[in-house]
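Written out below as structure tokens is the structure these notes cover.
Protein chains in written order, with the working numbering: chain A, 1 to 699; chain B, 1001 to 1446.
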């Protein structure tokens, strides 16, 4: 009977076959037609590109000492699922947190990375905590130490030169075309920023296989696609770290800038900006706390005044004025000017001069030695009114060209970011202000380094190099060599290896007259303080009177103390410019500072007398008193803004008499409200910190 | 083929045994590929009984011993004890209710020491035997409705018990016994009606209820129009058409929603709708959930399995990634890749070519069983063979279908390949009973 149904076996086979054909068709679609898609999806699931960060390059001084190095600090990481049976109380005591914080942090970790992946529990452990944890780590399963490389400054010096690294912000990331990613470190200022490409090295990528819980379980394809990271290359600089340390000690609690250059190479030996800070403060566990403190300090410790501070050069400019006039042929080295205590040829009897009569300006050499204001006001007028040029404007343009040749009013191109160009005024400025009618009398104080002339300490030091070299200079720079210099590096470095023969056409006699004059300044002029037995120092002092407006009142501030010099006279090896704000006479502060620098650099020791000077200068606190008032104002404004945006009165109480809160109970750093953009102050020099409204040159 | 061989091994169908061994080997390889831990010594861990592939190897050895004993057994034993086994099977299924232990949402497993024991799996053998026994009775006349009802009851009673243990997937397997009944003369109309109902249910899920109702009405009107002359002569045709229309609309409007709301569980409904790429209308949506959150919730649900499984299989492409380089399966992106989703390991590791070879092996096995069935002289052997073919086919089609996204996710294993002692032993016993019966194929009566 059932045999009758035998044909149905065929139907059953067809049913089987049809089902299999459906499956095969679907497999064909999944694996062949759409396979590429799914292959990518599988890769995405399982392969994680782990970036391998190279060690940053090391920066060495001229003698090969590492002044910026790498060290290892530890992060404490937690894997929440592995915490089992630990004595929480003891652990908290060890780490220095309370139990609430512990619970919160474990919760956060769980939320952020899930229970089976490690997350940072406490970043950047202090050595103390790290050591304590290491001893007891067996008691705390789930907690591990993870290495984190950190920049370190073994000499605690050269903060402004070396700069610092921080996590790249949105702007850095955008500017780099997304090369940097969130969490990457990038050089923000100083050499760290300028040589970022060299120092950062080359990142490597490891393709890691991850499982369904995002744990990394091994290398993809046995690491065939991995690329190794290449460590950042080192920089050998011209910096003499002992000289740098001495300079920083001398500039302790001063506002101003100091630059020392080797004229033969343009290599910068030392550079200090006051007030200074310890670069190690910005790394390590307290880094961000110290950072915000420095940023909010009204005295601007994060600003590099050596390249960004703009000062009237005053008398220190005079040697340059003499050289311009000599080269233009409007005077000869023997040219004398009958100065009777003030300059009368423009009708208003200004500027005044400290000396009167006695032939104190009988020739170029004497005029420099005695720093005659009348002489240099006149010499300036002679230069711009030179009959060679059809009018004063043309003459002035020629004069400005000389200034630019000396490196004033232009960016020199030092290998640091945010260099200021100072200011050499343009004819347009005077045209606008004087309705197009002006004479050499309008701006005759340019001859004595005033009017609209502003220079940076770096520019003045470089100008000294030009005089010392008799007409040429190399762009001031820090880096001598890059380890394993590539072609790209060479194009970068070549700009520092070109000799700029800007003023070599000035005659030897002209240079000699000026150099001898500067030597006389030290021998029997205003810079006798810079005398060093056995070394012929050439120098020029400067003192600028200045005022500021505080709370609506014009107050007189102590004078700016300035000093430029180079030594020895024959075959100069070091050129220095020192500017100390609100300190006093040039010869009182800036002079001895320079002398100590020369002594240290050329003799490698200090004289007995100099040791005493070192003590005296380094202990002197010359930070202007009005900064305190400014700080108070800034802080109270910030506290007010904080109160306005957050309604949190904790900071503002300090400034309201009604509360009478003891100052100690107020947190020191008032955070800035997010909307307020003042925090950029650390990166962009804020003009107001250099506001120096009214100045008169004394000598 | 009428050779007469007294020796046990001579009547044995070696091709089935070879296919069986090949499939078990593929299974062991796949489990090994899915669970091997880098650095383990391969031989040691195969012997050690700690890893899954080692356990599977031991299950295979136990299966081989059992198979040997089955081949030694008198073939009459199976037909003689078929009803007894069936009773034992039902008894075990009933035992589950008081003694089950809850594992992974099922209530169908009895724990005995270190071993889990799932009677619903073993029951397939017993039902095959009992159904074959019933159909081969001389007094059974399968053309009668009554016999058909009894046969259906024999097949579906364990299914009902299995559904009560929340194992809908395993229960569905028992529907594969309709293949046996079809072969033995169940009217083709019933098969057609079955397909029609299935199509109607799928249409209900995919389409708007009202649209479908209108379409059904239009079809009915069209048929009435075609048969208008016949209807004039004979009113009963019209009544029949209207009757079918009412049933269809009834299924669509009331029966399906009733099943979804009252019989199926939430996750099952979810899986069915996932299969058709539709969002489940029977779940109350939380209005507070945003679109992204809802999507995320959905992705973490059952569709995650299928998505990852499709990625795994698709990423194997033509030749596959190689045995231990299959990232999807090795690193646990596909859940259950040792058991229900084992086909992913094959698809990812060996690609399209490997998958086709495996499917070919299965098809060969099924066709061979059909051939073997047709050469039987006894009805019992033939019915049993078709029972085995049906169960295997259902398992293979649904399991692979679900990994490639053609069938809803039903937790049933892939025969001979999925990890799991019960499943491997069940299929081994089933197949070797068939081989034993086939060895005595010239016997007419049992």
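For every residue, glycine included, the Cβ atom is placed at its ideal position computed from N, Cα and C.
Asked	Found
Any C-beta of chain B under 8 Å from that of residue 226 of chain A	no
Within chain B, the residues that residue 12 of chain A reaches when beta carbons sit closer than 8 Å	1179, 1182, 1183, 1370, 1386, 1389
Buried or exposed (CB count within 10 angstroms, at least 16 for buried), residue 105 of chain A	buried
C-beta contact flag for residue 1396 of chain B and residue 1402 of chain B at 8 Å	no
Length of the line joining the Cα atoms of residue 337 of chain A and residue 488 of chain A	54 Å
Through-space distance from residue 293 of chain A to residue 169 of chain A, alpha-carbon basis	20 Å
Positions along the segment 1408-1419 of chain B whose CB lies within less than 8 Å of some CB in chain A	none
Distance cut-off 7 Å: residue 1168 of chain B Cβ against heavy atoms of the ligand PLP	Ligands in the displayed structure: none, and consequently the ligand PLP is not present.
Residue closest to residue 173 of chain A, alpha-carbon to alpha-carbon, out of A:85, A:442, A:186	A:186
Chain B residues whose Cβ lies nearer than 8 Å to that of residue 28 of chain A	1352
Contact list for residue 218 of chain A against chain B, beta-carbon separation under 7 Å	1038
Segments assigned alpha helix (DSSP H), at least 4 residues, entirely inside the segment 36-102 of chain A	88-95
Buried versus exposed call for residue 1308 of chain B [16 or more other C-beta atoms within 10 Å across all chains shown]	buried
Residue 677 of chain A classed as buried or exposed, judged by whether at least 16 other C-beta atoms fall within 10 angstroms	Because residue 677 of chain A sits at a pLDDT of 38, beneath the cut-off of 50, its placement in the model cannot be relied upon, and the point is left open.
Contacts around residue 1392 of chain B, its chain only, beta-carbon distance under 6 Å, and the 5 residues preceding and following it disregarded	1415
Limits of the unbroken beta strand (DSSP E) element including residue 1337 of chain B	Run containing residue 1337 of chain B: none; DSSP gives neither H nor E here.
Inter-residue spacing [alpha-carbon to alpha-carbon] between residue 1361 of chain B and residue 1394 of chain B	15 Å
Alpha carbon of residue 1134 of chain B to alpha carbon of residue 1042 of chain B, nearest angstrom	49 Å
8 Å Cβ cutoff, residue 1328 of chain B in contact with chain A	yes
Where residue 678 of chain A sits in the DSSP three-state scheme	With a pLDDT of only 37 at residue 678 of chain A, under 50, the local geometry of the prediction cannot be trusted, and the value read off the model is given with reservation. DSSP places residue 678 of chain A in helix when its eight states are reduced to three.
Neighbourhood of residue 482 of chain A by C-beta, 7 Å cutoff - its chain only, sequence neighbours within 5 removed	198, 233, 235, 489, 493
For residue 1430 of chain B and residue 1100 of chain B, the rounded distance between their alpha carbons	25 Å
Euclidean distance between Cα positions of residue 419 of chain A and residue 411 of chain A	7 Å
Environment of residue 1334 of chain B [buried if 16+ CB atoms lie within 10 Å]	buried
CA-to-CA distance, residue 46 of chain A to residue 1314 of chain B, given in whole angstroms	15 Å
For residue 271 of chain A, the three-state DSSP class (helix, strand or coil)	strand
Those residues which DSSP pairs with residue 481 of chain A across a bridge	A:236
Cβ neighbour criterion (16 or more within 10 Å) applied to residue 154 of chain A	exposed
Where residue 1317 of chain B meets chain A, residues with beta-carbon distance less than 9 Å	31, 32, 35, 36, 38, 39
Pairwise C-alpha distance: residue 190 of chain A and residue 601 of chain A	24 Å
Exposure of residue 649 of chain A, with buried meaning 16 or more beta-carbon neighbours within 10 Å	exposed
Proximity to residue 1079 of chain B [Cα-Cα], best of B:1390, B:1378, B:1037, B:1418	B:1378
Touching by the beta-carbon criterion (3+ pairs, under 8 Å), the segment 315-330 of chain A and the segment 383-402 of chain A	yes
DSSP bridge partner residues for residue 1123 of chain B (one or two, in chain order)	According to DSSP, which records beta bridges pairwise, residue 1123 of chain B is partnered with nothing at all.
Close beta carbons around residue 1126 of chain B, own chain, < 6 Å, minus the five adjacent residues each side	1085, 1086, 1089
Contact set for residue 673 of chain A: own chain, Cβ-Cβ below 7 Å, skip 5 residues either direction	Residue confidence is low: residue 673 of chain A scores 45 on pLDDT, short of 50, so the model does not pin down where it sits. Its coordinate-derived value is still stated next. Cβ neighbours of residue 673 of chain A beyond the five flanking positions: 641, 642, 645, 646.
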